[in-house]
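Novice: First the structure, which I've put down as structure tokens, then a few questions once you've had a look.
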Amino acid sequence: MILDEIQEAFFKQEDKPYKLEISRNTYHELMKDRRCMDRSYVADREGKLGAPLFGCVVQVVDDLKSPYKWLFSERPSQIKIIVN
1 MILDEIQEAF
11 FKQEDKPYKL
21 EISRNTYHEL
31 MKDRRCMDRS
41 YVADREGKLG
51 APLFGCVVQV
61 VDDLKSPYKW
71 LFSERPSQIK
81 IIVN
């Protein structure tokens, strides 16, 4: 399941992530997962999910090339990216 993959990538890191970007397809897959569906996460106009799914901002990005991307810094010069 995609949720398990995202969580596994999260727990492999020592740093706390700042933001999680997910593709539109990943969003739809997450909504099929009972663990997410029960929480009624709905993306707003900007693609942000209402409640933090992983304790950080989750952004749905239409043109994301990978299923998900973890961002580990607010400052662009220090961004550390984990992509599946």
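For what it's worth, my numbering labels the leading residue of the sequence shown as 1, then goes sequentially.
Even glycine gets a Cβ: it sits at the ideal position worked out from N, Cα and C.
Quick caveat, the model's predicted, so the values are computed rather than measured.
Between N25 and P67, what straight-line distance do the alpha-carbon atoms span, to the nearest angstrom?
Specialist: The alpha-carbon atoms of N25 and P67 are separated by roughly 7 Å.
Novice: Given a threshold of 16 other Cβ atoms within 10 Å of its Cβ, counted over all protein chains shown, does E21 qualify as buried or as exposed?
Specialist: Under this definition E21 is a buried residue.
Novice: Please state if the CB of K12 and the CB of P56 are separated by a distance shorter than 7 Å.
Specialist: What sits at residue 56 in the sequence shown is Cys, not Pro. Result no, Cβ atoms of C56 and K12 do not sit closer than 7 Å.
Novice: Looking at the strands, I want to know which residues DSSP matches up with E21.
Specialist: DSSP lists Q59 and K69 as partners of E21.
Novice: Grab me the residues of D33's own chain with a C-beta within less than 8 Å of its C-beta, minus the 5 sequence neighbours each way, in chain order.
Specialist: Contacts found: M1, I2 and L3.
Novice: Short of 6 Å in beta carbon distance, which residues of its chain neighbour V61, apart from the five on each side in sequence? Order them along the chain.
Specialist: Same-chain partners within the cutoff: E21.
Novice: Under the rule that 16 or more other beta-carbon atoms within 10 Å means buried, what is K16, buried or exposed?
Specialist: Exposed, because fewer than 16 other Cβ atoms sit within 10 Å of the Cβ of K16.
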